[in-house]
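Okay, so here's the structure we're looking at.
Protein chains: 2
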Amino acid sequence: MRAAGTINANNWTSAEKGTTVAVTIRDVANLAGVHISTVSRTFSAPHLVNEETRRRVTEAAVALRYQPNRAARGLITGRTYQLGLIVADIANPFFPLLIKAAQAEAARSDYGILIADTDESTEVEERLLRSLARQVDGIVLGSVRIDDNVVMEVAEERRLVVVNRAIEGVPAVLMDVAVGARAAMEHVLGLGHEHIAYVGGPSSAWIDAQLRATVSAACRAAGARLTAIGPYSPTLSGGEAAAARAVATGATAVLAFNDLVALGLLAGFGDAGVDVPGQVSLVGVDDILATAFTSPPLSTIAMPTRLAGQLAVDLLLRLLRGETPEERSPMIPTEFLLRGSVGPPPGRPGGRRSP
Amino acid sequence: MRAAGTINANNWTSAEKGTTVAVTIRDVANLAGVHISTVSRTFSAPHLVNEETRRRVTEAAVALRYQPNRAARGLITGRTYQLGLIVADIANPFFPLLIKAAQAEAARSDYGILIADTDESTEVEERLLRSLARQVDGIVLGSVRIDDNVVMEVAEERRLVVVNRAIEGVPAVLMDVAVGARAAMEHVLGLGHEHIAYVGGPSSAWIDAQLRATVSAACRAAGARLTAIGPYSPTLSGGEAAAARAVATGATAVLAFNDLVALGLLAGFGDAGVDVPGQVSLVGVDDILATAFTSPPLSTIAMPTRLAGQLAVDLLLRLLRGETPEERSPMIPTEFLLRGSVGPPPGRPGGRRSP
DNA sequence: ATGAAAGCGCTAACAA
DNA sequence: TTGTTAGCGCTTTCAT
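So the protein sequences, as listed, match chains Z and L.
Here the working numbering is used: the first residue of the first sequence is 1, the next is one more, and so on.
Here the working numbering is used: the first residue of the second sequence is 1001, the next is one more, and so on.
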């Protein structure tokens, strides 16, 4: 055993700001008068260390403000304690709450979140995903554009969870938008609407397929006509671009791919002098903040983005711990929020709700 | 020189998904028939490698899908190629665009962004900041609550840039909210308002101080009365909570700390039957999406969050490259957006604009 | 319960 | 221009 109390030259700050030489496990070992492996054990397997020794080591670590170097630890354990989170567009109001929840859930297990969005060419996206895959222990994919095959390939080499996407063999967290969409359609059709328009988003989006199928089934069951238009960009301008065509369909009720599109439609309708809900009823998807403040307030299908972010990370961490994923992906219910943008069709002011 | 073409057993995938043994620099060296240091040079100092050799190495790397292990590289270079981004609340619409821009700018230099928000106890925030500081090359702080002294301390050991905050000796990117606020006040006062209310946010926020000072100076110059209330939480509910008191001040025009507060005020005014802008004019700060859709549309001071995110990372990266920071922090101009929520004071419908 | 030693994958002198 | 060597900070056998 060496003499206690010796610490190496590292313990002083160099002149340059931002270049403090870090205190290492060796400094702690010297100060505590033990071997570095004992210090290591104190942190990664405390029960293997004598209580008194552990106390001394811990004290020394605190005194020196020692924190294990994650890169060094990761080099040998193969774990970075970081997760990658890739989303389609951080600035889309759909994502922030998901990101926030994911980060919070990861932090609970001492994991960090490396974030990126794929607002670029498909090629860039793929490179991004592949390079991220090497740096993290697992990945949450909340994006729509990366090719299924690429995702499956990456999923082979890194734990990966997708959100709102169904890929054979890839664990997923899904928002059951069909529940909310069915409720919306029931209400709208119950009011007497006989011609519905669906303004679609990116055709590769799982949500788009879900909405399409749900609306279609509901219309068929009710004997109503359905006109689907699109795909449009899932943005405000996408909605604005769709407005004229949406009106031209002659539909008296419109379901939009998401709230941004619905907001764009609302603006477009306003410009064209089309009254909502007098002439056309309008329903969006996501329940972003702005929907509560439009006039009329926008009916929408609330998406559980917070819960999804949390569950996705939770699932990913469980996979990393070696647990086997459930057979079925968790389906998180959504909810139809009825607001002022929905009313009876024109010329039928007394339209009745369905039971 | 060893025989070319040999690759180690690592080149196969283990049965377990997500546990592919990574291909290392050694595999590439073997396949290319060179020493590992030559492979290393090919990536980190290509000009030191013979062209033909470089080609062979690159080919081998591509064939093996080799990517340098960042942890290993970081262990020796002391660089993680990651930046930390800490914000007050990811879900606050003020931040996503900043985050997105920061991430994009970092990616251009091959840096990753580790994100976190500090929506918690001050103690948690500090631990978060301190532990993050050890894992990244530099930090962007977009939060308001962490104590100045802690920030300065961390700034001693890691490069750090703050956004919208002024701390002695800490490089900053600032949004010149005073420009927009002055324009707003000029307009409002020009309409004839003689009593202004300022609904303040967290008193530790630099923006709050800026707004307070600007509004105060403008009122003094115009001989108008100013009533400041607060602090309120910078959220929707903060605004709702402030509504009654804001009305009670008797002011005919209200400037809110941010748009969320303004939105809350708008809702509160609506509930109380106070007409905007008939009885009270209202101005927010940030230009979040929802402000364009309220009725009346909310006048606001547009904040250059995208540019701020980009500049903050740009500044940080330049500091990391050893460049000396400018003496003055960059001030990014803001802009007053006049919308329907501002009008002449009651009983003075013809109020004139100032020049 | 603790120490000794090997080595994770890589870079950076130094030598050749 | 390339190979050799040492070692970044840590964990993990294996001895003791």
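We put the CB at the ideal spot given by N, CA and C, even for glycine.
CB contact flag (residue i, residue j, <8 Å)
i          : j          : result
Val1136(L) : Leu1316(L) : no
Arg159(Z)  : Leu319(Z)  : yes
Leu1337(L) : Ala1308(L) : no
Leu263(Z)  : Tyr198(Z)  : no
Arg1212(L) : Ala1228(L) : yes
Asp314(Z)  : Glu105(Z)  : yes
Ala181(Z)  : Val215(Z)  : yes
Leu1265(L) : Thr1294(L) : no
Ile113(Z)  : Asn164(Z)  : no
Ile139(Z)  : Leu83(Z)   : yes
Val1151(L) : Val1170(L) : yes
Glu194(Z)  : Ala221(Z)  : no
Asp1117(L) : Tyr1081(L) : no
Val34(Z)   : Thr53(Z)   : yes
Pro1296(L) : Val1276(L) : yes
Short CB-CB distance (under 8 Å) between residue i and chain Z
i          : result
Leu1189(L) : no
Ala1072(L) : yes
Pro1093(L) : yes
Leu1097(L) : yes
Ser1131(L) : yes
Ile1332(L) : no
Ala1290(L) : yes
Glu1327(L) : no
Ile1090(L) : yes
Gln1279(L) : no
Ser1354(L) : Note that Ser1354(L) scores a pLDDT of 41, beneath 50, so its modelled location is shaky and nothing firm can be said.
Thr1249(L) : no
Thr1024(L) : no
Leu1031(L) : no
Thr1235(L) : no
Leu1307(L) : no
Ala1003(L) : Note that Ala1003(L) scores a pLDDT of 36, beneath 50, so its modelled location is shaky and nothing firm can be said.
Leu1075(L) : yes
Beta-ladder partner(s) of residue i, from DSSP
i          : result
Thr1300(L) : Gly1284(L) and Leu1337(L)
His1195(L) : Arg1225(L)
Met356(Z)  : Beyond the ends of chain Z as shown, which are 1 and 355, falls residue 356(Z); an answer cannot be given.
Gly1084(L) : Leu1114(L) and Ile1139(L)
Arg26(Z)   : Answer is none; Arg26(Z) lacks a bridge partner.
Leu160(Z)  : Ile139(Z)
Leu1255(L) : Tyr1198(L) and Val1283(L)
is_contact[residue i, chain L] using C-beta, thresh 8 Å
i         : result
Phe293(Z) : yes
Ser44(Z)  : no
Ser40(Z)  : no
Gln135(Z) : yes
Ala107(Z) : yes
Ile229(Z) : no
Leu263(Z) : yes
Gln103(Z) : yes
Gln67(Z)  : yes
Lys17(Z)  : Low local confidence applies: a pLDDT of 46 at Lys17(Z) is under 50, so the model's placement there is unreliable, and no value is given.
Thr300(Z) : no
Thr80(Z)  : yes
Local Cβ density within 10 Å of residue i, reported as buried at 16 or more and exposed below that
i          : result
Ala127(Z)  : Here residue 127(Z) turns out to be Arg, not Ala, going by the sequence shown. Exposed is the call here.
Glu1059(L) : exposed
Glu1123(L) : exposed
Thr1334(L) : buried
Pro1046(L) : exposed
Asn1008(L) : Residue placement at Asn1008(L) cannot be trusted, given a pLDDT of 40 that sits under 50; what the coordinates show is reported in the next sentence. Result: exposed.
Leu48(Z)   : exposed
Thr324(Z)  : exposed
Val62(Z)   : exposed
Ser341(Z)  : buried
Asn1050(L) : exposed
Thr1038(L) : buried
Looking at chain Z, which residues of the region 1112 to 1128 of chain L have a Cβ within less than 7 Å of any of its Cβ atoms?
Of all residues in the region 1112 to 1128 of chain L, those with a C-beta nearer than 7 Å to a C-beta of chain Z are Gly1112, Ile1113, Leu1114, Ile1115, Ala1116 and Asp1117, reading in chain order.
Against chain Z, which members of the region 1195 to 1226 of chain L pass a CB distance test of less than 8 Å?
Taking 8 Å as the upper bound on Cβ-Cβ separation, chain Z lies near no residue of the region 1195 to 1226 of chain L.
The region 1169 to 1188 of chain L: positions lying closer than 7 Å to chain Z by Cβ
Taking 7 Å as the Cβ-Cβ cut-off, the region 1169 to 1188 of chain L has no residue approaching chain Z.
What residues in the region 334 to 347 of chain Z bring their beta carbon closer than 8 Å to a beta carbon of chain L?
Using a CB distance below 8 Å, no part of the region 334 to 347 of chain Z faces chain L.
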